[in-house]
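First to last, the sequence lines map onto chains A, B, C and D. Counting along the first sequence from 1, when you hit position 68 you're at 68 in the numbering used here, and nothing is skipped either side. Each number in the numbering used here corresponds to the 1-based position in the second sequence with 83 added. Each number in the numbering used here corresponds to the 1-based position in the third sequence with 166 added. Each number in the numbering used here corresponds to the 1-based position in the fourth sequence with 328 added. Backbone N, C-alpha and C define an ideal beta-carbon position, used for all residues, glycine too. Quick notes on the structure that follows.
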Amino acid sequence: MNVLYFAWVKEKVGISEETVTPPADVTTVAQLTTWLAARSPKHAAAFKDARLVKVAVDQVHVPPSTSIAGAREVAFFPPVTGG
Amino acid sequence: MNVLYFAWVKEKVGISEETVTPPADVTTVAQLTTWLAARSPKHAAAFKDARLVKVAVDQVHVPPSTSIAGAREVAFFPPVTGG
Amino acid sequence: MPRSGVDIRVQRETFDAGAELNRFLARNPTSGGVASFVGQMRDFRGLDRADGTPLTAMTLEHYPGMAERQLADVVTEAQTRWATDDVLVIHRYGDFAPGDPIVLVIAAAAHRGPAFDACSFIMDWLKTKAPFWKQERGPDGSTTWVEARDSDDARAEKWDKR
Amino acid sequence: MPRSGVDIRVQRETFDAGAELNRFLARNPTSGGVASFVGQMRDFRGLDRADGTPLTAMTLEHYPGMAERQLADVVTEAQTRWATDDVLVIHRYGDFAPGDPIVLVIAAAAHRGPAFDACSFIMDWLKTKAPFWKQERGPDGSTTWVEARDSDDARAEKWDKR
């Protein structure tokens, strides 16, 4: 699974992209977030307040309860501020 | 007093402008309208349904009860349809 | 803050909407939001083309002097209600063919809310206050004075109910 | 009626708002109403210049692919809600100086109501859905990621309460 980070989430994690293989018991976005946060102190800092981090699965905004089954690309980022 | 007509009011009256001197007992827009309507059959046709005709005194929209004391220019026209 | 700019023109000649927009943007470079509206002559009468009857030409009559004055009053009212940086209004009169531009309104403000509101308000109010009258011509040569629409009155009045 | 046109571009290069508006008008000659919005980089942070702090530069990061996709979804939603003839959206990313254009939205419809509504709706929704992030730079060189504004969420949500 390809994981992308944007804006200050990217700065905190320190990388813009990584390929991960979460264990089988990680089935939702919320569980993936918890699992990623345990990967390094930088990941932990980025996900410290998970409510501030928005998620898109395969380029669609989703809530934390969403399944990640079959997901190819999961992105984490702050609330958007374009326009 | 200069009286102006626009759009279909002008077409019905048959002229775009005339100078009139109403008698002293004609003091409001409503009375002026009644007095003008009596000037000719064409005037009568234009003012047949006076509610359809809007009035401006010195280029400001006014209701029929408005005084015409001191008015230099009174205009009669249909509801506006620009834009 | 300098007082909001104002540019109001009532003219027979056509206008170049894109060139006007670019000139307006150039003199308001740091207004965060610039909203604009172009009204063009439709080629049909009615709410949509499928149900409408075709139009071939239009004449816009106006009341010189009062037209400029009413547009200025409408713009002043908008500037009282919203913190605009600049406003442009061009309203044409005379003869039109389908597709010809009739009116252009542009409003600049720090943020998009007041820019959109001021622009939309000016269009709604000028529709019921500025002394212009449309006479449409159909394919058979017949002419009709356009009747004022209740929906325009309703749109103009809704600004007082906010 | 043909299906509404759509032109969506996510690009680093600047755009010429006036030229885009004129091209858009040229291909929609008989749309009665064409509403547009240009967003430009402000030279201050905050609600108005008097209370704000100065800005010297900005970087807009975006999520390639998802940005185009979200903009397309927002435009489709607008076209579902209003009978638009054509819609254009250009959203830039990369580095900006104060006054630089960021976003352009143009909507054409038979009448001004749907044109204004579609244009304003697209701006409100893209503000909360399209994956772009602004990082502002002040005169001292310090950078700040812009925080999402509650007022933007409120504006986006108000379209569902109409």
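Item to check | Spatial distance of P330(D) from T404(D) (CA atoms) | outcome: With a pLDDT of 48 at P330(D), under the threshold of 50, the modelled position of this residue cannot be trusted, and the question is left open.
Checklist entry - Along chain D, which residues have their Cβ under 8 Å away from the Cβ of F77(A)? => result Going along chain D in sequence order, the residues near F77(A) (Cβ under 8 Å) are Y391, P459 and W461.
Next on the checklist: Classify G367(D): buried if its beta carbon has 16 or more other beta carbons within 10 angstroms, exposed otherwise.
Outcome noted: Looking at its Cβ environment, which holds 16 or more other Cβ atoms inside 10 Å, G367(D) is buried.
Item to check | Residue from D214(C), I272(C), G212(C) and E227(C) whose Cα sits closest to the Cα of N194(C) | outcome: When D214(C), I272(C), G212(C) and E227(C) are compared, the shortest CA-CA separation from N194(C) is found for I272(C).
Item to check | Closest by C-alpha distance to G198(C), when choosing among Y229(C), A249(C) and Q236(C) | outcome: Nearest option by C-alpha distance: A249(C).
Next on the checklist: Tell me which residues of the stretch 446 to 457 of chain D have at least one Cβ-Cβ distance to chain A shorter than 8 Å, keeping chain order.
Outcome noted: Residues passing the 8 Å Cβ filter: M451, L454, K455, T456 and K457.
Checklist entry - Can a CB atom of chain C be found closer than 8 Å to the CB of G427(D)? => result Chain C contact via Cβ: present.
Next on the checklist: Runs of 3 residues minimum, wholly inside the stretch 9 to 67 of chain A: which ones carry the beta strand (DSSP E) assignment?
Outcome noted: Counting only runs of 3 or more residues that sit fully inside the stretch 9 to 67 of chain A, the beta strand (DSSP E) segments are 17 to 19, 54 to 57 and 60 to 62, in chain order.
Item to check | For D318(C), the residue or residues it bridges with in DSSP | outcome: The partner list for D318(C) (beta bridge, DSSP) is empty, contrary to what the question assumes.
Checklist entry - Roughly how many angstroms lie between the CA atoms of T28(A) and A183(C), to the nearest whole one? => result The straight-line gap from Cα to Cα measures roughly 51 Å.
Checklist entry - Around the C-beta of G153(B), are 16 or more other C-beta atoms found within 10 angstroms, so that it is buried, or is it exposed? => result Exposed, by the Cβ-count rule.
Item to check | Whole-Å CB distance - Q463(D) paired with W453(D), under 8 Å assumed | outcome: Cβ-Cβ separation between Q463(D) and W453(D): approximately 22 Å, too far for a contact (criterion under 8 Å).
Item to check | Boundaries (first-last residue) of the beta strand (DSSP E) holding S202(C) | outcome: DSSP places S202(C) inside the beta strand (DSSP E), whose first and last residues are G199 to Q206.
Next on the checklist: Could you check whether the Cβ of P168(C) sits closer than 8 Å to any Cβ belonging to chain D?
Outcome noted: Only weak support exists for where P168(C) lies, its pLDDT of 48 falling under 50; the value from the coordinates is given anyway. So, not an interface residue.
Next on the checklist: Quick check on the DSSP output: the beta strand (DSSP E) that includes A275(C) runs from which residue to which?
Outcome noted: First-last of the beta strand (DSSP E) with A275(C): P267 to A275.
Checklist entry - Should M232(C) be flagged as near chain B, meaning a C-beta pair shorter than 8 Å? => result Yes, contact with chain B.
Next on the checklist: Could you give the first and the last residue of the continuous alpha helix (DSSP H) run that contains D452(D)?
Outcome noted: Per DSSP, D452(D) belongs to the alpha helix (DSSP H) from R440 to K457.
Next on the checklist: Taking 8 Å as the threshold (C-beta atoms), are E17(A) and V26(A) in contact?
Outcome noted: Result no, Cβ atoms of V26(A) and E17(A) do not sit closer than 8 Å.
Checklist entry - Considering A233(C), what are the terminal residues of the alpha helix (DSSP H) in which it resides? => result Counting along the chain, the alpha helix (DSSP H) containing A233(C) begins and ends at M232 to R247.
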